[in-house]
Amino acid sequence: MYREPKSLSTSSDVFYNVESRIPITNVAIPTFDAIVEAKEWVDDVNKM
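Residue numbers (the numbering used here): 158 to 205.
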């Protein structure tokens, strides 16, 4: 069973900026900007 994270205020998390949720499953859909920011972060970390 899925549980929400204890802290919903982690701005570094891609799911912090949620655009919507799927009604039945309550799965969070992140905003496009959050996805782009997360990808840039992953790319930067992988360059190291």
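Glycine included, each C-beta is placed from N, C-alpha and C at the ideal position.
Short Cβ contact (9 Å threshold) for residue i with residue j
i, j, result
"residue 187", "residue 203", "no"
Residue i - containing alpha helix (DSSP H), residue span
i, result
"residue 192", "189-204"
Residue i - partner residues in DSSP beta bridges
i, result
"residue 186", "177"
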